[in-house]
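Protein chains: 2
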Amino acid sequence: METKTVVTALAALAHESRLGVFRALVQAGPAGLAAGRIGELTGIAPSSLSFHLKELAHAGLVSSRQAGRFVIYSARFDAMNGLLAYLTENCCGGEPCCPSSLNASGKDQAS
Amino acid sequence: METKTVVTALAALAHESRLGVFRALVQAGPAGLAAGRIGELTGIAPSSLSFHLKELAHAGLVSSRQAGRFVIYSARFDAMNGLLAYLTENCCGGEPCCPSSLNASGKDQAS
DNA sequence: CCAACATTTCAACTATCCTTGAAATATGGA
DNA sequence: TCCATATTTCAAGGATAGTTGAAATGTTGG
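Heads up: the sequence lines are chains G and Z, in that order. Heads up: the first sequence is residues 1 to 111, going by the numbering used here. Heads up: the second sequence is residues 1001 to 1111, going by the numbering used here.
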């Protein structure tokens, strides 16, 4: 994953509204949610929501498909996996950051 | 980890300069790097670097200590762990994103 | 075709971010 | 003390992000 892609993805998630939207889409799973439903769940105004959804789509974190007169958005789990992989590799020393066992104390290998 | 904290941390990393700084600090390990050395490694102008370091510190992702006339910055691995834990739990469905066992190189389970 | 619904686009405005260079602060050594 | 080094602060400027409401687009069913 390229640095530029990572920065774009991070910027897309670095906003309360968009993080909320993405969380809702993750919860919804591959089935996704219609734009209007996302608006109901998050309380974001339609035009603002459309702006944020475009931002997330541009970052590759969500995809959309037309279904009747609805537009269904869904989270792109592969992109999120890639982002987490990058952060784990490049920003956490490689291994010690898997939250399953969680050490997180502060002592690990030097450079 | 609170949503607001997460957004702040994501925003701090969502900039090419700051992501580069943070990566350098992660590579340096707990020993950290002097501000000037970070500037050398990243090519960021001093005042701009200071701005970005303050941003990272404010987000809790780095800490600083004075050493003679140098200021040594180091990555806060615990904060990064917390961020990754949040993203894994809330933005990846909970389980399928932990890169611990698997490779994490480039290919992971297909969609 | 027309009407109702779902979503997006547009323009205007405010707010915030980032960069730059100069000046300020702080520390160590001669 | 005085000077050099290391870092931060400040103010000014341009660039970008976000919100709002109105208008436009697209879709379905009567």
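Heads up, the beta-carbon is just placed ideally off N, CA and C, and yes, glycines get one too.
Nearest-angstrom Cα distance between G:G20 and Z:R1069? Answer to the nearest angstrom: the Cα atoms are 44 angstroms apart.
Answer yes or no: do G:S17 and G:H52 have a C-beta to C-beta separation smaller than 8 angstroms? Yes, Cβ-Cβ distance for G:S17 and G:H52 is below 8 angstroms.
For Z:V1026, which residues in chain G fall below 8 angstroms Cβ to Cβ? Chain G residues near Z:V1026: N90, C91, C92, G93.
Simplified DSSP assignment, three categories, for Z:A1045: Three-state DSSP puts Z:A1045 in coil, outside helix and strand.
Would you say G:C92 and Z:M1080 are within 8 angstroms of each other, going by their C-beta atoms? Judged by beta-carbon spacing, Z:M1080 lies within the 8 angstroms limit of G:C92, meaning their Cβ atoms are closer than that value.
Under 8 angstroms Cβ to Cβ from Z:A1028, same chain only, skipping five residues before and after it: list those, please. The answer, listed in chain order, is S1074, A1075.
Measure from the C-beta of G:E55 to each C-beta in chain Z and report whether the shortest distance is under 8 angstroms. Not an interface residue.
Identified DSSP bridge partners for G:Q66: When DSSP reads this structure, G:Q66 sits in a beta bridge with G:V71.
Please report how far the alpha carbon of Z:A1045 lies from the alpha carbon of Z:A1057, in whole angstroms. When the Cα atoms are used, Z:A1045 and Z:A1057 turn out to be separated by approximately 18 angstroms.
Go through its chain and collect everything with a Cβ distance to Z:V1038's Cβ below 7 angstroms, but skip five positions before and after it. In the sequence under discussion, the amino acid at residue 1038 of chain Z is Ile, which differs from the Val named in the question. The residues are V1021, A1024, L1049, Y1073.
For the candidate residues Z:K1004, Z:T1042, Z:T1003, Z:A1067, whose alpha-carbon lies nearest to that of Z:H1015? Of the candidates Z:K1004, Z:T1042, Z:T1003, Z:A1067, the residue whose Cα lies closest to the Cα of Z:H1015 is Z:T1042.
Counting contacts by CB-CB distance shorter than 8 angstroms, is Z:E1016 in contact with chain G? True, the Cβ-Cβ gap to chain G drops below 8 angstroms.
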